[in-house]
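Here's the structure we're looking at; comments come further down.
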Amino acid sequence: MLVEVCQRGGFAGLTRRGSFDTATLPSEQATPADEALRRLLETPAVAAPQPDRFVYELTIHDGAATRDVEVNERDVPAALQPLLAAAIQRGEISG
Amino acid sequence: MTIYRSFNAFWDNAGHMFFGDGDGKILTQTTAGIDVIGHELTHGVTQHEANLVYSGQSGALNESVSDVFGIQVKQRALGQDSHTSNWLIGEDIVGPALLPALRSMKDPGKANKHDDQPADMDGYVDGGDVHTNSGIPNRAFCVVAMTLGGHSWDVAGPMWYATLCDPALVPNASFRQFARLTVKHAQRTYGRSSKEADAFKGGWDAVKVHL
Numbered sequence: 006m007l008v009e010v011c012q013r014g015g016f017a018g019l020t021r022r023g024s025f026d027t028a029t030l031p032s033e034q035a036t037p038a039d040e041a042l043r044r045l046l047e048t049p050a051v052a053a054p055q056p057d058r059f060v061y062e063l064t065i066h067d068g069a070a071t072r073d074v075e076v077n078e079r080d081v082p083a084a085l086q087p088l089l090a091a092a093i094q095r096g097e098i099s100g
Numbered sequence: 025m026t027i028y029r030s031f032n033a034f035w036d037n038a039g040h041m042f043f044g045d046g047d048g049k050i051l052t053q054t055t056a057g058i059d060v061i062g063h064e065l066t067h068g069v070t071q072h073e074a075n076l077v078y079s080g081q082s083g084a085l086n087e088s089v090s091d092v093f094g095i096q097v098k099q100r101a102l103g104q105d106s107h108t109s110n111w112l113i114g115e116d117i118v119g120p121a122l123l124p125a126l127r128s129m130k131d132p133g134k135a136n137k138h139d140d141q142p143a144d145m146d147g148y149v150d151g152g153d154v155h156t157n158s159g160i161p162n163r164a165f166c167v168v169a170m171t172l173g174g175h176s177w178d179v180a181g182p183m184w185y186a187t188l189c190d191p192a193l194v195p196n197a198s199f200r201q202f203a204r205l206t207v208k209h210a211q212r213t214y215g216r217s218s219k220e221a222d223a224f225k226g227g228w229d230a231v232k233v234h235l
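First to last, the sequence lines map onto chains A and B.
Each residue of the first sequence is one higher than the last, beginning at 6 in my numbering.
Each residue of the second sequence is one higher than the last, beginning at 25 in my numbering.
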């Protein structure tokens, strides 16, 4: 799955964008990441936001389907945390 | 207080402040800014006094109130009045990418090259992040404090605090509802046609929040 990541919020209030593709990962990383993405799409977390924490807007391309989901930093599944962090580090500040 | 392995600082709505070490490019040690510490502590005060919902205009007010009291802490620590302050938030914690500061309460949108805060309602961003639209009430506070002169905690700060603690301030308050309460408290405290009450009206007028 190709995932476009938009991180907003945080104390600095920056918008940062990046992406990652689970198809390029070794299967021991790709499989749990794909499962976590599907679970997020099925049951988005709805916890109340915490002030100044990051919010991630994910655009997930799975085959021909494209879907969006928003997730608060503390609700990011463990399998996705390093992938989101690396995507944002490689990406750009956009506002 | 917990040291948080990230380049961020936040309040967790459960009585804890978190301060990250920064990445050295965007943010540096977030404990280095006394305004940042004041900002995070104020999120705790806002949670318990007003519980402003953290999205839309109430979310931007939640953010702004934290900057409003964060800047007062900084001005007090530096012995500055409303005219000697630079009204910058986060100048002690920004890395090279965000120099010279994160936000300007006097000139929202001009703190650094990525700053997208609007300075008045003409630039209000529908669906924008709470840290974006907070520039509008931030500037209203700055205009009120500069109009009155002296220290921002003499008159402007206490009226903002009275508004935050007012049971009439609803959790999903709009900018206009918050603004009207600041004027109400200024009129009750200083008189309906006092220069203080006029300063509050002028502050909101400057950012095009119509009372």
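We treat Cβ as the ideally placed atom computed from N, Cα and C, and that holds for glycine.
Nothing here was measured: the structure is a model prediction, and the numbers come from that model.
Pull out every residue of the region 81-99 of chain A whose Cβ sits closer than 9 Å to any Cβ of chain B, in chain order.
90, 94, 98, 99
What residue from B:116, B:221, B:82, B:110 has the CA that sits closest to residue 188 (chain B)'s CA?
Numbered from 1 along the second sequence, position 164 holds the residue referred to as residue 188 (chain B). When only C-alpha atoms are compared, the closest one is B:82.
Using only the alpha-carbon positions, how far apart do residue 127 (chain B) and residue 225 (chain B) sit?
Numbered from its first residue, the second sequence carries residue 127 (chain B) at position 103. Numbered from its first residue, the second sequence carries residue 225 (chain B) at position 201. Rounded to whole angstroms, residue 127 (chain B) to residue 225 (chain B) spans 24 Å at the Cα level.
In its own chain, which residues sit with a C-beta less than 8 Å from the C-beta of residue 85 (chain B), not counting the 5 before and 5 after it?
Stepping through the second sequence from its first residue, residue 85 (chain B) is reached at position 61. These residues qualify, in order along the chain: 76, 158, 161, 197, 199, 202.
Of all Cβ atoms in chain A, is any one closer than 8 Å to the Cβ of residue 67 (chain B)?
The sequence position of residue 67 (chain B) within the second sequence is 43, counting from 1. Cβ-Cβ to chain A under 8 Å: yes for residue 67 (chain B).
Check the DSSP bridge columns for residue 11 (chain A) and list the partner residues they point to.
Within the first sequence, numbered from 1, the residue matching residue 11 (chain A) stands at position 6. DSSP output for residue 11 (chain A) lists A:22, A:62 as bridge partner(s).
Alpha-carbon spacing of residue 79 (chain B) relative to residue 49 (chain B), whole angstroms
Counting from 1 along the second sequence, the entry for residue 79 (chain B) is found at position 55. Counting from 1 along the second sequence, the entry for residue 49 (chain B) is found at position 25. A straight line joining the alpha-carbon of residue 79 (chain B) with that of residue 49 (chain B) spans about 28 Å.
Supposed close pair residue 63 (chain A), residue 74 (chain A) - CB separation, criterion 8 Å:
Locating residue 63 (chain A) in the first sequence gives position 58, where the first residue counts as 1. Locating residue 74 (chain A) in the first sequence gives position 69, where the first residue counts as 1. So it is a contact: roughly 5 Å between Cβ atoms.
Cutoff 8 Å: residue 55 (chain A) Cβ touching any chain B Cβ
One-based indexing of the first sequence puts residue 55 (chain A) at position 50. Interface annotation, residue 55 (chain A): in contact with chain B, CB-CB separation under 8 Å.
Assumed close pair residue 39 (chain B), residue 54 (chain B) - CB separation to whole angstroms, cut-off 8 Å:
On the second sequence, position 15 is the one that residue 39 (chain B) refers to. On the second sequence, position 30 is the one that residue 54 (chain B) refers to. Going by Cβ atoms, the distance from residue 39 (chain B) to residue 54 (chain B) rounds to 18 Å, so no, they are not a contact pair.
Cβ neighbours of residue 112 (chain B) in the same chain (closer than 6 Å, five flanking residues each side left out):
As a first step, residue 112 (chain B) is located in the second sequence; it is residue number 88 there, counting from the start. Here the set comprises 125, 128.
Which residues, in chain order, does the region 43-69 of chain A contribute to contact with chain B at a C-beta distance below 9 Å?
Those would be 53, 54, 55, 56, 57, 58, 59, 60, in chain order.
Strictly below 7 Å CB to CB, what residues from chain D border residue 13 (chain A)?
No chain D appears in the structure shown, which is made up of the protein chains A and B.
On the criterion of 16 or more Cβ atoms from any shown chain inside 10 Å, does residue 217 (chain B) qualify as buried, or is it exposed?
Counting from one through the second sequence, the residue named residue 217 (chain B) turns up at place 193. Flag for residue 217 (chain B) reads exposed.
Do we get a CB-CB distance below 8 Å when we pair residue 19 (chain A) with the residues of chain B?
Here residue 19 (chain A) refers to the residue found at position 14 when the first sequence is read from its first residue. Chain B, which has a Cβ nearer than 8 Å to the Cβ of residue 19 (chain A), makes this yes.
Note the first and the last residue of the continuous alpha helix (DSSP H) segment covering residue 187 (chain B).
Within the second sequence, residue 187 (chain B) is the residue found at index 163, counting from 1. Where residue 187 (chain B) is concerned, the enclosing alpha helix (DSSP H) stretches over 180-189.
Just list the residues that DSSP pairs residue 71 (chain A) with in beta bridges.
For the purposes of this step, residue 71 (chain A) is identified with residue 66 of the first sequence, where counting begins at 1. Note: residue 71 (chain A) sits in a beta bridge opposite A:66.
Leaving out five residues before and five after residue 27 (chain B) in sequence, what residues of the same chain have Cβ atoms less than 7 Å from its Cβ?
Along the second sequence, read from residue 1 onward, the residue named residue 27 (chain B) stands at position 3. Reliability fails at residue 27 (chain B), whose pLDDT of 45 lies under 50, so the model's placement of it is uncertain and the value that follows must be treated cautiously. The beta carbon of residue 27 (chain B) sits closer than 7 Å to those of 43, all from its chain and outside the five residues before and after it, given in chain order.
Exposed or buried, which one is residue 5 (chain A) when buried takes at least 16 other CB atoms within 10 Å?
An answer regarding residue 5 (chain A) cannot be provided, because it is not within the stretch 6 to 100 covered by chain A.
Minimum Cβ-Cβ distance from residue 60 (chain B) to chain A less than 8 Å
Here residue 60 (chain B) is taken as the residue at index 36 of the second sequence, counted from 1. So, interface residue.
For residue 61 (chain A), which of A:70, A:36, A:45, A:40 has the nearest alpha-carbon?
If you number the first sequence from 1, residue 61 (chain A) lands on position 56. Measuring from the Cα of residue 61 (chain A), the nearest candidate turns out to be A:45.
Relative to the C-alpha of residue 116 (chain B), which residue among B:108, B:95, B:132, B:107 is closest?
To locate residue 116 (chain B), count along the second sequence from 1; it is residue 92. When each option's Cα is compared against that of residue 116 (chain B), the closest is B:95.
State the DSSP-derived secondary structure class of residue 111 (chain B), mapped to helix, strand or coil.
Numbered from its first residue, the second sequence carries residue 111 (chain B) at position 87. The answer is coil: DSSP assigns residue 111 (chain B) none of H, G, I, E or B.
Taking the beta strand (DSSP E) that residue 165 (chain B) falls in, what are its first and last residues?
Position 141 of the second sequence, counted from the start, is the residue given in the question as residue 165 (chain B). That residue, residue 165 (chain B), is in no beta strand (DSSP E); its alpha helix (DSSP H) goes 159-172.
DSSP three-state assignment for residue 136 (chain B), whether helix, strand or coil:
Mapped onto the second sequence, residue 136 (chain B) falls at position 112. If DSSP states are grouped into helix, strand and coil, residue 136 (chain B) belongs with coil.
Just the Cα atoms here: how many angstroms apart are residue 234 (chain B) and residue 212 (chain B)?
Here residue 234 (chain B) is taken as the residue at index 210 of the second sequence, counted from 1. Here residue 212 (chain B) is taken as the residue at index 188 of the second sequence, counted from 1. One C-alpha to the other measures close to 20 Å.
Classify residue 13 (chain A): buried if its beta carbon has 16 or more other beta carbons within 10 angstroms, exposed otherwise.
In the first sequence, counting from the first residue as 1, residue 13 (chain A) sits at position 8. Buried.
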